[in-house]
Structure formats: C-alpha cells, structure tokens
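J.:
Number of protein chains: 2
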Amino acid sequence: METRVTATPDAKPRGTRLPRLARRRQLLSAAQEVFVENGYHAAAMDEIADRAGVSKPVLYQHFPGKLELYLALLDLHVDDMVNRCREALASTQENKLRVQATFGAFFDFVSTQGEAFRLVFESDLRNVAPVRQRVERSLQECAEMVSALIQEDTGCTSDEAHLLGVGLVGMAEVSARYWVTKHGSIPKDAAEQLMARLAWRGISGFPRTA
Amino acid sequence: METRVTATPDAKPRGTRLPRLARRRQLLSAAQEVFVENGYHAAAMDEIADRAGVSKPVLYQHFPGKLELYLALLDLHVDDMVNRCREALASTQENKLRVQATFGAFFDFVSTQGEAFRLVFESDLRNVAPVRQRVERSLQECAEMVSALIQEDTGCTSDEAHLLGVGLVGMAEVSARYWVTKHGSIPKDAAEQLMARLAWRGISGFPRTA
DNA sequence: GGTGTGGCCTACTCGCACGTAGGATGTCCG
DNA sequence: CGGACATCCTACGTGCGAGTAGGCCACACC
Numbered sequence: 102m103e104t105r106v107t108a109t110p111d112a113k114p115r116g117t118r119l120p121r122l123a124r125r126r127q128l129l130s131a132a133q134e135v136f137v138e139n140g141y142h143a144a145a146m147d148e149i150a151d152r153a154g155v156s157k158p159v160l161y162q163h164f165p166g167k168l169e170l171y172l173a174l175l176d177l178h179v180d181d182m183v184n185r186c187r188e189a190l191a192s193t194q195e196n197k198l199r200v201q202a203t204f205g206a207f208f209d210f211v212s213t214q215g216e217a218f219r220l221v222f223e224s225d226l227r228n229v230a231p232v233r234q235r236v237e238r239s240l241q242e243c244a245e246m247v248s249a250l251i252q253e254d255t256g257c258t259s260d261e262a263h264l265l266g267v268g269l270v271g272m273a274e275v276s277a278r279y280w281v282t283k284h285g286s287i288p289k290d291a292a293e294q295l296m297a298r299l300a301w302r303g304i305s306g307f308p309r310t311a
Numbered sequence: 102m103e104t105r106v107t108a109t110p111d112a113k114p115r116g117t118r119l120p121r122l123a124r125r126r127q128l129l130s131a132a133q134e135v136f137v138e139n140g141y142h143a144a145a146m147d148e149i150a151d152r153a154g155v156s157k158p159v160l161y162q163h164f165p166g167k168l169e170l171y172l173a174l175l176d177l178h179v180d181d182m183v184n185r186c187r188e189a190l191a192s193t194q195e196n197k198l199r200v201q202a203t204f205g206a207f208f209d210f211v212s213t214q215g216e217a218f219r220l221v222f223e224s225d226l227r228n229v230a231p232v233r234q235r236v237e238r239s240l241q242e243c244a245e246m247v248s249a250l251i252q253e254d255t256g257c258t259s260d261e262a263h264l265l266g267v268g269l270v271g272m273a274e275v276s277a278r279y280w281v282t283k284h285g286s287i288p289k290d291a292a293e294q295l296m297a298r299l300a301w302r303g304i305s306g307f308p309r310t311a
C-alpha cells in the first residue's frame, strides 16, 4: 500500500502544480502519514510539506495552523468509526449478529488507511480540549448505541447499561488494536469471531437480578 | 480532594530546605501533579519546580532531564498496576473470584493517587520508545497472566488465549477509566461486580469448538 | 504580446521552554 | 570563630519549530 518507506523522508518531484482542491487532498494525505508515524508533537510542518513535495507556506494557504490540520484529519476518522459502528448495529435485528458485525466494524476500522486509527485511539493531543472532546464524544456515541440496545433487552438501569456499553466497546477497540499489530498470528475472521463470541456469551440474556 | 485549584499555580513557601531524599520525593510528587494535569508536553519544568516551592536547577540536581523524571514516575505506576493485577490473580484459586478480584484491581488502580493512572493509560508520549515500551509491556504482562489461565482451562491456542486476555484486560481498563470519570453514577462495588459478571459469563467454560 | 491571477518558493522572525553557569546562604564540625 | 560542604537561587544560553514577508513564475484571457 505504500510506494516508498525508504530512509529519506522522500520529498516528491517538487515541480508539479495542482489545482486547489487536489492539492488540499494531497496535503491531508501527507499530513496523515506524518501524524500517524510520529504523533502530533513530533510531526513537523516542514516534513508534511516536504512529503507532499511542496513548501511550507502552501500548507498555510490551505490550513490556518497545525492544530486545524490535525483536527480536519481527526474529524474524518472519528466520523468513519462512528459510522461503521452505527451501520454494523443497524445491519440486522438479531443481537448475536449485531455483536459480530460490531466487532467486524472495529477490526475493519483498524485495518484501513495505513494506521489512521492511531489518530483516534492513540492521539498524543488528548489533553487539548478540541481533540479530547472529539475522541471522547465518538467513543461515547458508539457506547451509547450499544447501551441503548442493552437496556432494551435487560433490566439494567441506564447507568449500568452505559458502563457495560463502554466496556464492550473498549474491549472491541483494544482487541482490534492488538490484533492489527500482530498480523499473522490469527486471521481476521477468526479474531473477530473469537472476540464476538466472548462478548456475546457475556452479554446475552444478561440476568436481571444481581 | 485538591486543596487548591485556584488560578495562581501556587508556589509553596519557597524558603524551606530539605535533605536530599525528602526533596526528591517531594519533587516526584509535584511532577506527578503537573504531568497528570497537563500531560508531558504541556508540563513545564518551571512549573514543576514552582509547585514544589523550589527553583529549576534543584530539579536538575535530582533528575538528568524531563524525560527521565517522567520515566521515574511512569515506572512507579506501571509496576503498581502489574502488581495489583498479579496479586488479584493470585488471591484465590477459583476463576470466578479471580475475575472479580482483577476487576477490583483495575478499579482500585484508577482510584488512587489523584489520577495517576493517566500516566499509564493516557500518556501523550507513547510515540517515544522508552515510554511506549513500558506502557505496552505492562499491559502485555497483565494480559499474559490472564491468558495463561485461560489457556489452562480452555482448548484455545496460545494466540487465541492472548487475544482474549488482551480484550479482557482492555475491557477492565476502559470501564474502570470511564467509571472513575463518572463518580456518582454507580458505586464502586456495583460497577466492579457488574463488569466482572459480564467478563465471567463470557469466559467461563469457553467452548472448545467454534 | 501584455497583464492579471493563482500557485508556489526562499529566507526570515520570534517565542517558548529545556537545560546551565556562576554565585549566595545556611549548617556542621574542628 | 572559620572554613567546607551541601542546598538553593537568579539570570542566561540555546535550539527548535510554528508561522510569515515578500517575491517569482506559469498560464490564461484579452
């Protein structure tokens, strides 16, 4: 999927001119590479520009600052995650299949776009309000969709269902992240189904009394 | 739990002299406050010194640099977490109780020392090798202790047991972190037991065949 | 062929925060 | 009392990287 991962931070030809929108997309792509590799702080605007085969001021003609550039990318991926999760839950009416589909969604999410999921799950900028807000909100949304279903089918209070939802989504996130770094140990289908089985056994027909 | 959260970063008396070891402990404590509040990058050595009622060079007489100071704290807390987890798993021979105890361990861990768990779970320095290594290694250790037990009692392969272990530990981490930020919604005991029940239902007598 | 507009570049400023040089001051022992 | 040692301070050097000033060049349209 990468054409070059060699030593030199490989500046591109540096001669091409692009229309505004195409350049913007390319800058986003270059920025994603650099942010994912190094995190926000270690990423230099110079390197992003170089990676796109362009000089720094061009970057600032498209984005007002480093933070805004980062947020633009982050928004893309949190939305992607939430949508995948929503679609998985809506894909069937049977809860067992819903669980499977949702784990599938998380495993898919961490498999796409290089390692873009790191922007959401491993951001080194969570201490900055707008970033924290986006990340927490997106996970919260996923958890709420899950907990709504839990609450329908069990006698749990709202608070209990929320906690369960957060835990399940967290399990999906963490296991998917672990799996993706250990490619080769287990095929994707098997990993998804293993975790889905664990979750489904845990949550199905959750007892109403302690 | 905080005595002061006012505007001024409250420098202490600034006159007291302390023996070397006591000063070191106090510096660690001040550093922990600042790192937890702001993360690594937004934490200034000046503020840590101020917070301890001391000037910056003193800090550098105790720690060679900012990173080493951070690592000293991080080591403390990853070890704490692993030990709690180990003790929980060793506290009984019955697996159901082990699950309960382990969730208890994670909920305890996030409840102690201000919010020191953020250093482990939300470090904004995971892209730096020594930090990443410590964090991942500690979670890996917890997961391996869990997966060893899983492998004993199920027909899972080693890879499968590892994935399950990581998922369960991840669920404990995420749910504990969520619970601690929502103090008041559910009492600690209830939250622990709810999650433990979810996990135990999921993992107990895990089927040997797909 | 001129002229304007849009895309691009080189080269710079500037602030911030880590880390340090060199000096003052309190305490303990001969 | 005097000097040695340890603790601490004020004030500075320094590097790095975000963001900017000002100018060049290609292409399109008159």
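So the sequences go chain by chain: A and B.
Quick note on our numbering: the first sequence kicks off at 102 and runs consecutively.
Quick note on our numbering: the second sequence kicks off at 102 and runs consecutively.
Even glycine gets a Cβ: it sits at the ideal position worked out from N, Cα and C.
How should A:Gln-194 be labelled, buried or exposed, when 16 other C-beta atoms within 10 angstroms of its C-beta is the threshold for buried?
T.: Classification of A:Gln-194: exposed, given that the 10 Å Cβ count is below 16.
J.: On a CA-only basis, which of A:Ser-248, A:Gln-162 and A:Gly-271 is nearest A:Ala-262? Give me that one, please.
T.: Residue A:Ser-248 is the option with its Cα nearest to A:Ala-262.
J.: From A:Thr-117, A:Thr-255 and A:Gly-268, pick the residue whose C-alpha is nearest to that of A:Gln-241; which is it?
T.: Of the listed residues, the one whose Cα sits closest to A:Gln-241 is A:Gly-268.
J.: Since B:Gly-140 meets chain A, which of its residues come closer than 7 angstroms, beta carbon to beta carbon?
T.: Within chain A, the residues near B:Gly-140 are Asn-228.
J.: How many angstroms separate the CA atom of B:Ala-163 from the CA atom of A:Gly-166?
T.: It is His, not Ala, that sits at residue 163 of chain B in the sequence shown. So the two alpha carbons sit approximately 37 angstroms from each other.
J.: Helix, strand or coil: which one does DSSP assign to A:Gly-200?
T.: Note that residue 200 of chain A is Val in the sequence shown, not Gly. In the structure shown, A:Val-200 sits in a helix (DSSP, three-state: H, G or I).
J.: When the cut-off is 8 angstroms and only beta carbons count, does A:Gly-166 lie next to chain B?
T.: False, the Cβ-Cβ gap to chain B never drops below 8 angstroms.
J.: Just curious, the alpha helix (DSSP H) that A:Ser-259 is in, first and last residue?
T.: Segment 259–282, the alpha helix (DSSP H) holding A:Ser-259.
J.: Looking at chain B, is there any beta carbon in it that lies within less than 8 angstroms of the beta carbon of A:Ala-132?
T.: No, A:Ala-132 does not count as interfacial toward chain B.
J.: Helix, strand or coil for B:Gln-162, going by three-state DSSP, please let me know.
T.: Three-state result, B:Gln-162: helix.
J.: If you measure beta-carbon to beta-carbon, which residues of the segment 254–266 of chain A are closer than 7 angstroms to chain B?
T.: Here the close residues are Asp-260, Glu-261, Leu-264 and Leu-265.
J.: Exposed or buried, A:Gln-234, counting other C-beta atoms within 10 Å across all chains shown (16 or more means buried)?
T.: That one is exposed.
J.: Should B:Cys-257 and B:Phe-307 be called a contact, given that it needs their Cβ atoms to be closer than 8 angstroms?
T.: Their beta carbons are under 8 angstroms apart, which means B:Cys-257 touches B:Phe-307 by this criterion.
J.: In chain B, which residues lie with their C-beta within 7 angstroms of the C-beta of A:Gly-205?
T.: Chain B residues near A:Gly-205: none, gap ~15 angstroms exceeds 7 angstroms.
J.: Quick one: Cα of B:Gln-87 to Cα of B:Ser-259, how far?
T.: Any answer about residue 87 of chain B is impossible in this case: the structure gives chain B only from 102 up to 311.
J.: Quick one: Cα of A:Leu-204 to Cα of A:Ser-276, how far?
T.: In the sequence on display, residue 204 of chain A carries Phe and not Leu. In a straight line, the C-alpha of A:Phe-204 is about 9 angstroms away from that of A:Ser-276.
J.: Tell me, to the nearest whole angstrom, how far the beta carbon of A:Asn-228 is from that of B:Asn-139; I am working on the premise that it is less than 8 angstroms.
T.: Rounded, the Cβ-Cβ distance is 6 angstroms, consistent with contact.
J.: Can you pull out the residues from the segment 288–306 of chain A whose beta carbon lies closer than 7 angstroms to at least one beta carbon of chain B?
T.: Correct list: Ala-292, Leu-295, Met-296, Leu-299, Ala-300, Arg-302, Gly-303 and Ile-304.
J.: So which residues on chain A does B:Met-272 lean against when the C-beta distance must stay under 8 angstroms?
T.: The contacting residues are Gly-268, Leu-269, Gly-271, Met-272 and Val-275.
J.: Would you say B:Glu-223 faces chain A, with C-beta separation under 8 angstroms as the test?
T.: It does; some Cβ of chain A falls within 8 angstroms.
J.: According to the Cβ coordinates, are A:Lys-80 and A:Trp-301 closer than 8 angstroms?
T.: This structure cannot speak to residue 80 of chain A, because chain A is shown only from 102 to 311.
J.: Using a Cβ cut-off of 8 angstroms (strictly closer), state whether B:Ala-143 contacts chain A.
T.: For B:Ala-143, the answer is yes, since a Cβ of chain A falls inside 8 angstroms of its Cβ.
J.: Taking 8 angstroms as the threshold (C-beta atoms), are A:Ala-206 and A:Ala-217 in contact?
T.: The answer is no: Cβ separation not under 8 angstroms.
J.: Take A:Ser-212 as the anchor and find which of A:Val-236, A:Ala-145, A:Asp-181 and A:Leu-172 has the nearest alpha-carbon.
T.: For A:Ser-212, the nearest C-alpha among the options comes from A:Asp-181.
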